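Student:
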Amino acid sequence: MNAQRTINFTLNGLAVTASVAPHHNLIELLQGHFGLTGAREACGQGLCGCCTVLVSGRAVSGCLYLASFVDGAEVTTIEGFDASDQLTPEQEAFIETGAFQCGYCTSGFIIMVSQLLDRHPEPTDNQIKHYLTGNLCRCAAYPEIIEAVKLAGRKRKARDATPVRP
Amino acid sequence: MLMMKAGVFRPAKLVSLRKIESDYTAITVDARGLTIGAMTTLSDIEQSEDVRAHAPLITQTMLTLSNVRVRNVATVGGALAHGDPHMDLPPVLMALDASMTLVGPKGERTLPVADLFTGYYETVLALNELIAFVHVPAQNGKQAAYMKVTTGAVDDWPALGIAVVIVSDADAVRSVRIVASAATDKATRLTSAEAALKGNRIDDKLLKRAAEAAVEEVEFVSDMRGSAPYKRELMRVYVQRAVRAALNESGER
Amino acid sequence: MAPTETPAATTRAGSQIGRSVPRTEGRDKVTGRAEYVHNMRLPGMLVAKIFRSTVAHGLIKSIDTNAAKNVPGVLHVVTIDDVRKLIPNPYYGPAFHDQPILADKKVRFVGEPVAAVLASDPHIAEQAVQLISAEYEELPAVFDEVEALTSNVFVHDELQPAATFADLKHLKGLKNTNLALSFKLRRGDFERAYAGAAHRFEHEFRTQKVLHLPFEPHATIADYKNTGVTLYTASQGPSFVRTEIARLLGWPENRVRIKVPYLGSGYGAKLYIKLEALALALSMIARKPVKLALTMEEMFYQITKHPCTFRIKSGLDNDGRIVARKCEVFWNGGAYADIGPRVTQKAGVTASGPYDIDNVSIDSHALYTNVTPSGALRGFGVPQLVWAYESHTDMIARELKLDPVAFRRKNLMRDGNQHTTSQVLKDAAIEPVMDLVLDRMAWARQLEKGIGVIRRGRGFAIAIKTVTTPTTSVAIVNVSADGSVTLYCSTIDMGQGSNTVLAQIVGEVLNVPAESVRIAQPDTDVTPYDMGTLGSRSTFHMGHAARLAAEEARDKIKQLARDVGEPEGSNIPIAELFKKRYGMQAGNIVGSGTYKPDYVSPAPETGLSPNVTPFWMSSGAGAEVAVDTETGHVEITKLVNVIDCGTAINPKLVETQISGAALMHLGFTMFEKMHFDGGQVTNASLADYKIPGIRDLPGTMENLWVDNFQGNGPFGAKGVGEVATFCVSPAIANAIDDAVGVRLTELPLNPEAVYRALRAKAGNPLDEA
Numbered sequence: 513m514n515a516q517r518t519i520n521f522t523l524n525g526l527a528v529t530a531s532v533a534p535h536h537n538l539i540e541l542l543q544g545h546f547g548l549t550g551a552r553e554a555c556g557q558g559l560c561g562c563c564t565v566l567v568s569g570r571a572v573s574g575c576l577y578l579a580s581f582v583d584g585a586e587v588t589t590i591e592g593f594d595a596s597d598q599l600t601p602e603q604e605a606f607i608e609t610g611a612f613q614c615g616y617c618t619s620g621f622i623i624m625v626s627q628l629l630d631r632h633p634e635p636t637d638n639q640i641k642h643y644l645t646g647n648l649c650r651c652a653a654y655p656e657i658i659e660a661v662k663l664a665g666r667k668r669k670a671r672d673a674t675p676v677r678p
Numbered sequence: 002m003l004m005m006k007a008g009v010f011r012p013a014k015l016v017s018l019r020k021i022e023s024d025y026t027a028i029t030v031d032a033r034g035l036t037i038g039a040m041t042t043l044s045d046i047e048q049s050e051d052v053r054a055h056a057p058l059i060t061q062t063m064l065t066l067s068n069v070r071v072r073n074v075a076t077v078g079g080a081l082a083h084g085d086p087h088m089d090l091p092p093v094l095m096a097l098d099a100s101m102t103l104v105g106p107k108g109e110r111t112l113p114v115a116d117l118f119t120g121y122y123e124t125v126l127a128l129n130e131l132i133a134f135v136h137v138p139a140q141n142g143k144q145a146a147y148m149k150v151t152t153g154a155v156d157d158w159p160a161l162g163i164a165v166v167i168v169s170d171a172d173a174v175r176s177v178r179i180v181a182s183a184a185t186d187k188a189t190r191l192t193s194a195e196a197a198l199k200g201n202r203i204d205d206k207l208l209k210r211a212a213e214a215a216v217e218e219v220e221f222v223s224d225m226r227g228s229a230p231y232k233r234e235l236m237r238v239y240v241q242r243a244v245r246a247a248l249n250e251s252g253e254r
Numbered sequence: 149m150a151p152t153e154t155p156a157a158t159t160r161a162g163s164q165i166g167r168s169v170p171r172t173e174g175r176d177k178v179t180g181r182a183e184y185v186h187n188m189r190l191p192g193m194l195v196a197k198i199f200r201s202t203v204a205h206g207l208i209k210s211i212d213t214n215a216a217k218n219v220p221g222v223l224h225v226v227t228i229d230d231v232r233k234l235i236p237n238p239y240y241g242p243a244f245h246d247q248p249i250l251a252d253k254k255v256r257f258v259g260e261p262v263a264a265v266l267a268s269d270p271h272i273a274e275q276a277v278q279l280i281s282a283e284y285e286e287l288p289a290v291f292d293e294v295e296a297l298t299s300n301v302f303v304h305d306e307l308q309p310a311a312t313f314a315d316l317k318h319l320k321g322l323k324n325t326n327l328a329l330s331f332k333l334r335r336g337d338f339e340r341a342y343a344g345a346a347h348r349f350e351h352e353f354r355t356q357k358v359l360h361l362p363f364e365p366h367a368t369i370a371d372y373k374n375t376g377v378t379l380y381t382a383s384q385g386p387s388f389v390r391t392e393i394a395r396l397l398g399w400p401e402n403r404v405r406i407k408v409p410y411l412g413s414g415y416g417a418k419l420y421i422k423l424e425a426l427a428l429a430l431s432m433i434a435r436k437p438v439k440l441a442l443t444m445e446e447m448f449y450q451i452t453k454h455p456c457t458f459r460i461k462s463g464l465d466n467d468g469r470i471v472a473r474k475c476e477v478f479w480n481g482g483a484y485a486d487i488g489p490r491v492t493q494k495a496g497v498t499a500s501g502p503y504d505i506d507n508v509s510i511d512s513h514a515l516y517t518n519v520t521p522s523g524a525l526r527g528f529g530v531p532q533l534v535w536a537y538e539s540h541t542d543m544i545a546r547e548l549k550l551d552p553v554a555f556r557r558k559n560l561m562r563d564g565n566q567h568t569t570s571q572v573l574k575d576a577a578i579e580p581v582m583d584l585v586l587d588r589m590a591w592a593r594q595l596e597k598g599i600g601v602i603r604r605g606r607g608f609a610i611a612i613k614t615v616t617t618p619t620t621s622v623a624i625v626n627v628s629a630d631g632s633v634t635l636y637c638s639t640i641d642m643g644q645g646s647n648t649v650l651a652q653i654v655g656e657v658l659n660v661p662a663e664s665v666r667i668a669q670p671d672t673d674v675t676p677y678d679m680g681t682l683g684s685r686s687t688f689h690m691g692h693a694a695r696l697a698a699e700e701a702r703d704k705i706k707q708l709a710r711d712v713g714e715p716e717g718s719n720i721p722i723a724e725l726f727k728k729r730y731g732m733q734a735g736n737i738v739g740s741g742t743y744k745p746d747y748v749s750p751a752p753e754t755g756l757s758p759n760v761t762p763f764w765m766s767s768g769a770g771a772e773v774a775v776d777t778e779t780g781h782v783e784i785t786k787l788v789n790v791i792d793c794g795t796a797i798n799p800k801l802v803e804t805q806i807s808g809a810a811l812m813h814l815g816f817t818m819f820e821k822m823h824f825d826g827g828q829v830t831n832a833s834l835a836d837y838k839i840p841g842i843r844d845l846p847g848t849m850e851n852l853w854v855d856n857f858q859g860n861g862p863f864g865a866k867g868v869g870e871v872a873t874f875c876v877s878p879a880i881a882n883a884i885d886d887a888v889g890v891r892l893t894e895l896p897l898n899p900e901a902v903y904r905a906l907r908a909k910a911g912n913p914l915d916e917a
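Chains as they are written, first to last, in the working numbering: chain A, 513 to 678; chain B, 2 to 254; chain C, 149 to 917.
#1: Taking the straight line between their C-alpha atoms, what separation do you get for Gly166/C and Thr804/C?
#2: Ignoring anything shorter than 4 residues, give me the alpha helix (DSSP H) runs that lie fully in the region 540-570 of chain C, in order along the chain.
#3: Can you tell me whether Ala157/C is buried or exposed? The criterion is at least 16 other CB atoms within 10 Å of its CB, across all chains shown.
#4: Given this structure, state the Cα-to-Cα distance separating Pro155/C from Ile705/C, to the nearest angstrom.
#5: For Lys667/A and chain C, any beta-carbon pair shorter than 8 Å?
#6: By alpha-carbon positions, which one of Leu361/C, Tyr415/C and Tyr730/C ends up nearest to Glu446/C?
#7: Ignore the nearest five residues each way along the sequence and tell me which others in Lys422/C's own chain have a CB closer than 6 Å to its CB.
#8: State the CB to CB distance for the pair Thr492/C and Ala524/C, rounded to an integer number of angstroms; the pair is presumed to be in contact (CB under 8 Å).
#9: Residues of chain B with a CB under 7 Å from the CB of Lys838/C: which are they?
#10: List, in chain order, every chain B residue whose beta-carbon is nearer than 8 Å to that of Val572/A.
#11: What residues of chain C sit near Ser228/B, judged by a beta carbon separation below 7 Å?
#12: One question on the structure: do Asn187/C and Gln543/A come within less than 8 Å of each other, judged by their Cβ atoms?
#13: Report the neighbours of Lys6/B on chain D: residues whose CB is nearer than 9 Å to its CB, in chain order.
#14: Just checking my contact of Pro878/C with Ala590/C at CB under 8 Å: how many whole Å lie between their CB atoms?
#15: Give the single residue among Asp630/A, Leu578/A and Asn524/A whose Cα lies nearest to the Cα of Leu15/B.
#16: For Ala127/B, which residues in the same chain have their Cβ closer than 8 Å to its Cβ, ignoring the five residues on either side in sequence?
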């Protein structure tokens with residue numbers, strides 16, 4: 513019994529529509545319908561963070577989030593982060609500290625790190641580790657990631673201190 | 002969600018409660034204590050200043066409860082209704098002497114969280130009953146701790162959880178609730194341990210006696226996180242450590 | 149010496165070698181734009197889901213696919229009989245052609261693929277799989293590697309070595325055995341020396357079944373047409389895949405195209421043939437592109453690390469010299485050989501450790517058992533060996549009251565000495581590695597062990613490894629008319645940074661910034677032969693090939709300058725040379741390079757060879773631990789990892805390879821384990837099979853390399869990817885022994901194992917589970 517329903521939502525700032533089956537999860541919707549593969553299903557249990565997506569400002573595990581639930585919501589994926597072709601402080605920091613290897617978990621980490629810095633602009637090591645327990649990296653780039661979080665925090669501070677030219 | 006994905010749970014119909022969500026996501030405080038809407042996300046509970054002020058044990062427990070994304074979506078009602086013996090909130094809420102308002106076609110009823118679990122993933126909830134509110138009584142200066150013992154990676158389902166809420170002065174333990182989880186088939190109050198402590202002065206000997214009483218009254222479940230004999234040892238050690246932690250408010254492991 | 153940004157004094161290099169160039173593919177990865185096969189879709193593609201055996205060992209009586217076929221949306225349900233119509237000999241494997249594309253009359257492990265369903269909707273395919281049923285006549289099963297050697301339960305009726313390997317020919321047709329292959333090394337006379345030794349020690353060590361779990365699970369999309377087949381596959385070795393697929397089809401290689409976009413890691417899991425043969429067969433049957441992509445759960449039924457039992461005997465004289473050593477190693481290969489026989493041989497070569505011992509006997513056995521096949525995992529068997537011999541070393545030292553450092557120094561192989569194989573060690577910085585570990589551990593200072601519930605201790609370990617040899621790498625460097633440079637090679641960058649390092653090598657030779665060198669995506673229509681991205685071989689082998697290709701291109705540029713009449717050393721931009729030659733921006737200069745090191749195969753009866761490896765890898769680890777004596781929990785407060793990598797072409801990348809390898813092995817050491825119930829994996833998910841998270845980091849960790857120059861390496865460099873995996877396990881077990889006086893001889897070193905050992909030592913053992 514696959515009654516499709518039409519959902520309307522905002523995706524990376526644009527109003528979109530899609531037809532989804534009740535059992536489809538958000539990753540299937542993003543990859544299958546919109547060709548966005550930055551969020552990926554790896555563990556399938558919400559433990560690794562590779563499928564991280566922002567729904568109405570909150571990070572969720574896309575592989576456990578039914579597609580129909582985003583009806584009326586604002587969805588932001590990693591692809592929406594450099595929408596203006598400008599890397600975010602977190603993305604720059606990850607490159608500079610080499611905070612990734614194979615890259616499969618990287619999208620998820622970057623989204624969670626931006627959420628972490630929103631909440632704790634100058635996080636302690638403990639805060640960083642506790643916030644990122646839900647992001648696993650089999651390549652074990654954790655030490656570089658911790659460095660990247662701190663560097664991103666400093667970059668954000670510098671950016672916010674610099675007046676933006678009109 | 003996990004059970005549906007694994008094909009273990011195959012509902013014919015799935016009904017979303019979103020449309021009534023707004024009625025069950027408030028956190029309010031009054032003289033009796035906290036009232037938390039059952040559809041409040043664990044993240045909202047984690048960040049609530051009211052919860053931190055009135056039941057800080059809950060706030061601390063959230064720090065190692067699964068991960069941020071799960072907490073952003075999971076609700077306190079869901080955490081209770083699932084009946085999973087490994088979860089962190091059931092023993093904590095039981096130790097805090099929390100209760101729930103349940104709603105069904107026949108109306109409302111109140112039930113202590115301590116009476117919710119009947120067995121492994123089993124609760125007393127009728128199929129047409131929902132948890133609507135969770136009530137946490139005013140703590141009035143009670144001290145508390147929750148210790149979560151993992152044996153694999155640091156972040157894991159626990160092999161044992163021990164939650165303690167205690168009132169004790171230099172002379173005696175005035176009141177105490179100790180609840181164990183994960184090592185048993187359901188979250189379980191360690192009443193013999195409580196009895197051993199109540200009315201007596203805390204010292205090493207007393208804590209050892211209470212721990213001995215605790216391991217005698219419980220049946221341990223062997224799993225890949227620990228054999229029954231090992232979990233028994235963990236309980237013996239952690240009943241003592243958890244009571245000490247509550248009195249020192251030094252937090253979890 | 150500590151890692152530095154600038155080239156070390158011994159590096160004969162210009163400006164690209166020794167730079168910590170940021171990874172060239174960084175932007176794609178941080179913006180989520182990197183493409184991986186697991187997330188790819190082709191138009192008109194079908195999706196395949198697999199029906200797997202629930203029995204560890206059995207004859208297939210029947211397979212009922214009717215209900216599955218009748219599910220609306222299902223296009224095909226396939227068994228081996230359907231495959232055989234198109235691929236007459238549907239068996240594959242890098243050493244033995246023993247693995248059928250789908251189970252053939254028999255199943256040999258729980259999870260073995262028995263049938264496949266094709267549909268355009270993966271949910272429908274999955275639904276149909278649930279409706280397939282099979283009847284098995286169950287056979288007794290064998291799970292343990294030592295038992296398998298003498299068991300009457302035979303996983304295979306007959307051994308089937310691949311015809312391509314001369315050294316395996318003698319095994320063909322052997323029956324009534326689970327022993328796929330044995331490697332033997334004999335030096336001196338062990339029996340006599342051991343019998344005459346003043347002190348004798350005998351220990352047994354075991355390791356558990358663990359697995360790679362790359363976050364991108366295995367995935368292949370096969371697009372078959374009569375005129376040619378293209379496979380998009382998550383593989384570390386596209387050239388090998390091409391060879392095998394061509395062999396299965398009876399086609400020339402040039403009709404088979406293998407493409408690998410970004411690889412979501414591998415660690416050895418994505419080598420040889422994994423899903424490629426099945427995806428190919430399904431695409432041939434469906435006459436459409438077919439995607440076969442595993443879930444994380446299915447990874448537990450694909451390929452794992454070799455569990456290992458190592459029985460080691462050492463005889464010592466009264467001066468603390470090891471005079472005799474015997475190694476009996478049993479490798480649990482699982483139901484299909486995969487690369488197990490090579491692990492058995494190659495690891496067998498260093499089983500006696502970095503110790504100079506006159507009388508050595510090594511027997512290394514590859515055994516078949518009824519569990520998921522074991523294959524290549526970062527370290528290629530060496531971590532299991534070092535677990536045993538470095539624990540053994542410390543146990544001997546303790547027993548004889550010898551200082552563990554002095555004991556090792558007395559017996560250590562040094563650069564210039566003969567290795568057990570008789571090859572002379574060259575550019576092998578074993579002792580400097582040990583010295584640096586001890587220095588960073590402040591070994592000369594006493595460690596405060598504590599008297600309370602928490603006890604502290606420390607330990608260290610050292611090891612060596614050879615590189616799988618002989619293997620070949622080919623590279624092409626293409627200079628375009630505007631002077632921009634592209635490198636074509638089939639080395640797969642799966643996060644280890646090979647693209648960046650190779651760009652640095654090419655940039656060094658052509659005197660251009662590494663960042664300006666483009667690496668083409670591996671595609672066997674375009675990128676030439678490479679044996680595979682494995683065994684720490686790429687920096688050395690492909691590094692040489694890329695260097696040679698760049699040198700040829702450079703020489704051709706010089707020739708072009710002469711051709712167009714430019715004086716020597718005129719420094720005219722390359723674009724100008726092309727314009728002069730062709731009248732416009734046109735043309736290419738192409739240089740190619742091939743590298744294959746020399747090798748002398750070990751003599752079959754003695755295992756000796758004067759040239760068994762072009763370079764030696766050495767590493768050491770030191771650990772400080774804090775043990776909770778009431779619960780057995782072990783905290784790693786300090787971990788020091790030291791390697792010899794020759795020149796660090798990219799210091800930052802070297803550091804992260806050391807760190808990543810050590811942390812992965814921390815998981816294998818402390819808590820990872822596949823649990824079984826009669827052959828069935830009971831923890832096939834990340835919820836129950838825990839891997840290290842960010843909170844599992846040691847209190848402090850140092851990742852260092854010694855100052856060394858590999859004379860025959862590209863710019864003095866050699867392999868880095870595996871070397872930091874070797875010593876983590878024994879360093880920690882030695883530290884636990886130091887802290888609380890208990891010796892664990894099996895992995896993992898989880899709290900319950902430590903606690904039980906503490907209770908046993910106190911004469912008050914814990915009840916059995």
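Don't be surprised by glycine CBs; every beta carbon is placed ideally from N, CA and C.
Values in this document were obtained by computation on a predicted structure and should not be read as measured data.
Tutor: Checking against the coordinates, here is how it stands:
#1: One-based indexing of the third sequence puts residue 166/C at position 18. One-based indexing of the third sequence puts residue 804/C at position 656. Rounded to the nearest angstrom, the two C-alpha atoms are 15 Å apart.
#2: For the region 540-570 of chain C, the continuous alpha helix (DSSP H) assignments of 4+ residues that do not extend past its boundaries occur at 552-559, in sequence order.
#3: To locate residue 157/C, count along the third sequence from 1; it is residue 9. Residue placement at Ala157/C cannot be trusted, given a pLDDT of 31 that sits under 50; the coordinates are not used to answer.
#4: As a position in the third sequence, residue 155/C is number 7, starting the count at 1. As a position in the third sequence, residue 705/C is number 557, starting the count at 1. With a pLDDT of 32 at Pro155/C, under the threshold of 50, the predicted position of this residue should be treated as unreliable, though the coordinate-derived value follows. About 27 Å.
#5: Indexing the first sequence from 1 puts residue 667/A at position 155. Lys667/A does not count as touching chain C.
#6: The sequence position of residue 446/C within the third sequence is 298, counting from 1. Answer by Cα proximity: Leu361/C.
#7: As a first step, residue 422/C is located in the third sequence; it is residue number 274 there, counting from the start. Hits under 6 Å: His366.
#8: If you number the third sequence from 1, residue 492/C lands on position 344. If you number the third sequence from 1, residue 524/C lands on position 376. So it is not a contact: roughly 12 Å between Cβ atoms.
#9: Taking the first residue of the third sequence as position 1, residue 838/C is located at position 690. Within 7 Å Cβ-Cβ: Gly153, Ala154 and Asp157.
#10: To locate residue 572/A, count along the first sequence from 1; it is residue 60. Listed along the chain, the chain B residues whose CB falls inside 8 Å of the CB of Val572/A are Arg70, Asn73 and Val74.
#11: In the second sequence, residue 228/B corresponds to position 227, counting from 1. One finds Glu900 and Ala917 in chain C with Cβ atoms closer than 7 Å to the Cβ of Ser228/B, taken in chain order.
#12: Here residue 187/C corresponds to residue number 39 of the third sequence, with the count starting at 1. Here residue 543/A corresponds to residue number 31 of the first sequence, with the count starting at 1. Less than 8 Å separates the beta-carbon of Asn187/C from that of Gln543/A.
#13: Among the chains of the structure shown, chain D does not appear; the protein chains present are A, B and C.
#14: In the third sequence, counting from the first residue as 1, residue 878/C sits at position 730. In the third sequence, counting from the first residue as 1, residue 590/C sits at position 442. No, Pro878/C and Ala590/C are not in contact; Cβ-Cβ is about 20 Å, not under 8 Å.
#15: Position 14 of the second sequence, counted from the start, is the residue given in the question as residue 15/B. It is Leu578/A whose Cα lies nearest to the Cα of Leu15/B.
#16: Here residue 127/B corresponds to residue number 126 of the second sequence, with the count starting at 1. Exclusion of the five residues before and after Ala127/B leaves Gly105 as the residues of its chain whose Cβ lies within less than 8 Å of its Cβ.
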